[in-house]
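Numbering (our numbering), first residue to last: 1262 to 1431.
Glycine included, C-beta positions come from ideal geometry on N, C-alpha and C.
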């Protein structure tokens, strides 16, 4: 039976996985957006957490036409992921769109009985600690969010990650 993912464990496992990848130095030190890399590399991390491969998919469409970046579907329930990379100086449009996407996730969590959990996976490159904390406060002020980070994804590199989770409460 599908149960909510512990995002502290997810952060720890994603950090260890990324550290072990031969591309980690480039990924974590280059000021560029790598959303697709994270979408792919989340899969082995989720499998290591006990999620069957067959339950993981990049194909989940909301009734309003939007798409989740990744989903886990099992037993008629779903866990949805929204991934968003922020790179300083390249993000003006994302800063406007992301709060809307976050609100949509919470709305679907409240209104769709099959959605068990929503998780955001937000990376920051080139931002100060204070700026990242301000984004965290602005984006995830709703009390339903459990927030982990911002913390460096790999120690010694400037790429930081914030993971958040909201779980259906019925």
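Excluding the 5 residues flanking residue i on each side, which residues of the same chain have their C-beta closer than 6 Å to its C-beta?
i            : result
residue 1279 : 1285, 1414, 1415
How would you write the range of the beta strand (DSSP E) that residue i sits in, first residue to last?
i            : result
residue 1407 : 1407-1413
residue 1376 : 1376-1386
residue 1335 : 1331-1335
Mapping DSSP to helix, strand and coil, what is residue i?
i            : result
residue 1279 : helix
residue 1263 : coil
residue 1321 : strand
residue 1343 : strand
residue 1420 : coil
residue 1285 : helix
residue 1273 : helix
residue 1426 : strand
Going along the chain, which residues of its own chain have a beta-carbon closer than 8 Å to the beta-carbon of residue i, five neighbours each way excluded?
i            : result
residue 1270 : 1310
residue 1365 : 1323, 1325, 1327
How should residue i be labelled, buried or exposed, when 16 other C-beta atoms within 10 angstroms of its C-beta is the threshold for buried?
i            : result
residue 1354 : exposed
residue 1421 : buried
residue 1411 : buried
residue 1342 : buried
residue 1384 : buried
residue 1356 : exposed
Since I believe residue j is in contact with residue i (beta carbons under 8 Å), could you give me their beta-carbon distance rounded to a whole number of angstroms?
i            : j            : result
residue 1363 : residue 1397 : 11 Å between Cβ atoms; not a contact.
residue 1377 : residue 1340 : 6 Å
For residue i, which residues of its own chain have a beta-carbon under 7 Å away from its beta-carbon, when the five flanking residues on both sides are left out?
i            : result
residue 1260 : The first residue shown for the chain is 1262 and the last is 1431, placing residue 1260 beyond what the model contains.
Which residues bound the alpha helix (DSSP H) around residue i?
i            : result
residue 1367 : 1353-1372
residue 1295 : Counting along the chain, residue 1295 falls outside any alpha helix (DSSP H), and DSSP gives it neither H nor E.
residue 1396 : 1390-1400
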